[in-house]
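*Asks:* Structure provided below as structure tokens; questions to follow.
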Amino acid sequence: MRFVHCSTTGAKNKTSFEIANKLVDSGIDAIELSGGAFDDNAIQKTKQLAGKLKSLLIHNYFPIPKNEFVMNLASENSTILLNSIELAKRGIDLSAEIGARYYAVHSGFLIDPLPNELGSVFTTGKLMNRESCLERFKTSLLLLADYADKKGVKLLFENNVMNKLNYDFHGKDIFLLSQPEEILDFCADVSNRAGLLLDIGHLKVTSMTFGFDISKAVNKLNYYAEGYHLSENGGYADDHDSFRIQEWPHKSLIRNDLDYYTLEFKQYNYQNVSSLIYDFNNWLN
Numbered sequence: 084m085r086f087v088h089c090s091t092t093g094a095k096n097k098t099s100f101e102i103a104n105k106l107v108d109s110g111i112d113a114i115e116l117s118g119g120a121f122d123d124n125a126i127q128k129t130k131q132l133a134g135k136l137k138s139l140l141i142h143n144y145f146p147i148p149k150n151e152f153v154m155n156l157a158s159e160n161s162t163i164l165l166n167s168i169e170l171a172k173r174g175i176d177l178s179a180e181i182g183a184r185y186y187a188v189h190s191g192f193l194i195d196p197l198p199n200e201l202g203s204v205f206t207t208g209k210l211m212n213r214e215s216c217l218e219r220f221k222t223s224l225l226l227l228a229d230y231a232d233k234k235g236v237k238l239l240f241e242n243n244v245m246n247k248l249n250y251d252f253h254g255k256d257i258f259l260l261s262q263p264e265e266i267l268d269f270c271a272d273v274s275n276r277a278g279l280l281l282d283i284g285h286l287k288v289t290s291m292t293f294g295f296d297i298s299k300a301v302n303k304l305n306y307y308a309e310g311y312h313l314s315e316n317g318g319y320a321d322d323h324d325s326f327r328i329q330e331w332p333h334k335s336l337i338r339n340d341l342d343y344y345t346l347e348f349k350q351y352n353y354q355n356v357s358s359l360i361y362d363f364n365n366w367l368n
């Protein structure tokens, strides 16, 4: 069954549940929990929230761990890698408990950044070998895919975003699976066990950094897409700006035959969000 979710990704210093409750009060019945502040009662609150909704998904770095770290399923640091795998397993377990069909992880990095560097330039940490990171990420992903399959959950991985600021600082792409050809090769290798969550906002920023045509890239990647993260930006940063589907320039690129769509906006006008979802659903149908 198709659902258009609203993400809680803009929570920042609030918990995801503070954002989620406002969305529920606005009439939203499909939500994706992502990011936010630590909450001691996250498991219980997630289950309670699921009872109020038609669909609830958990995304990547959730439930938020008490001891903050950057999840990196490609890290050569054994502690970070193990913590990342265990956090993903907890997300899969909770997804299974609430009846979610999907759980998605972010693709890895060639560097282990500090938490306060997310969304900005990664200036600390040692650069790792790309081929080794890609192989570690694949190993981690397939391990988690098998774990998820036993729980009745489909594991997806999300394409990364490479902005110009990070490229200029490092002189190379420090993110895995940000550029179309690498994503396509990886999908061909793992698609029988893990699917692609295609983030259009990420792809737009990356296309500006490397100068490829986003329309051609999406048309190729759509073959493997099993879900979408949708937002707008100016092409220089993953701003998670909102949009109206009638005016959105990329709407013709989006398949309407999937059952997983999430709008990832940092700032919600809670009075208008219900009408935005209504318009999006009408367009899909």
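Residue numbers (the numbering used here): 84 to 368. C-beta: ideal position from N, C-alpha, C; glycine also.
Residue 240 and residue 304: beta carbons closer than 8 Å?
*Replies:* For the purposes of this step, residue 240 is taken as the residue at position 157 of the sequence shown. For the purposes of this step, residue 304 is taken as the residue at position 221 of the sequence shown. No, these two residues do not count as a Cβ contact at 8 Å.
*Asks:* Are residue 157 and residue 225 closer than 8 Å when you measure CB to CB?
*Replies:* Numbered from 1 along the sequence shown, position 74 holds the residue referred to as residue 157. Numbered from 1 along the sequence shown, position 142 holds the residue referred to as residue 225. No, these two residues do not count as a Cβ contact at 8 Å.
*Asks:* Give me the Cα-Cα distance between residue 105 and residue 212, rounded to the nearest whole angstrom.
*Replies:* Your numbering for residue 105 matches position 22 in the sequence shown. Your numbering for residue 212 matches position 129 in the sequence shown. Computed Cα separation, rounded: 43 Å.
*Asks:* What's the gap between the Cα of residue 176 and the Cα of residue 131?
*Replies:* The residue you call residue 176 lines up with position 93 of the sequence shown. The residue you call residue 131 lines up with position 48 of the sequence shown. Looking at the two C-alpha atoms, the distance is approximately 16 Å.
*Asks:* Kindly indicate which residue of 86, 298, 243, 318 has the alpha-carbon position closest to the one of residue 155.
*Replies:* Taking the first residue of the sequence shown as position 1, residue 155 is located at position 72. For the residues 86, 298, 243, 318, the minimum Cα distance to residue 155 belongs to 243.
*Asks:* Just to confirm my understanding: we take residue 270, look at its own chain, exclude 5 residues before and 5 after, and list those with CB closer than 6 Å. What are they?
*Replies:* For the purposes of this step, residue 270 is taken as the residue at position 187 of the sequence shown. Closer than 6 Å at the Cβ level, and outside the excluded window around residue 270, lie 279, 307.
*Asks:* For residue 321, verify whether its CB is less than 7 Å away from any heavy atom of the ligand SAM.
*Replies:* This structure does not include the ligand SAM; it has no bound ligands of any sort.
*Asks:* Taking the alpha-carbon positions, what's the residue 137 to residue 115 distance?
*Replies:* By one-based count along the sequence shown, residue 137 stands at place 54. By one-based count along the sequence shown, residue 115 stands at place 32. Roughly 12 Å separates the two Cα atoms.
*Asks:* Residue 143: which of 191, 159, 134 sits nearest, CA to CA?
*Replies:* Numbered from 1 along the sequence shown, position 60 holds the residue referred to as residue 143. Comparing Cα-Cα distances from residue 143 to each of 191, 159, 134, the minimum goes to 191.
*Asks:* Are the Cβ atoms of residue 170 and residue 193 separated by less than 8 Å?
*Replies:* The residue labelled residue 170 in the question sits at position 87 within the sequence shown. The residue labelled residue 193 in the question sits at position 110 within the sequence shown. For residue 170 and residue 193, no; Cβs fall outside 8 Å.
*Asks:* Go ahead and pull the three-state DSSP assignment for residue 324.
*Replies:* Within the sequence shown, the letter at position 241 stands for residue 324. DSSP places residue 324 in strand when its eight states are reduced to three.
*Asks:* Using DSSP with H/G/I as helix, E/B as strand and the rest coil, what is residue 205?
*Replies:* In the sequence shown, the residue the question calls residue 205 occupies position 122. Residue 205 falls in the coil class under three-state DSSP.
*Asks:* Could you tell me whether the stretch 219-237 touches the stretch 181-189, using the rule of 3 or more Cβ pairs below 8 Å?
*Replies:* Cβ pair count under 8 Å is three or more, so yes.
*Asks:* Report yes or no: do three or more beta-carbon pairs, one from the stretch 244-255 and one from the stretch 316-324, lie closer than 8 Å?
*Replies:* Taking 8 Å as the limit for Cβ pairs, the verdict is that the stretch 316-324 does touch the stretch 244-255.
*Asks:* Measure the Cβ-Cβ separation of residue 341 and residue 361 and say whether it is below 8 Å.
*Replies:* Residue 341 sits at position 258 when you count from the first residue of the sequence shown. Residue 361 sits at position 278 when you count from the first residue of the sequence shown. Result no, Cβ atoms of residue 341 and residue 361 do not sit closer than 8 Å.
*Asks:* In this structure, does DSSP put residue 115 in helix, strand or coil?
*Replies:* Here residue 115 corresponds to residue number 32 of the sequence shown, with the count starting at 1. Residue 115 falls in the strand class under three-state DSSP.
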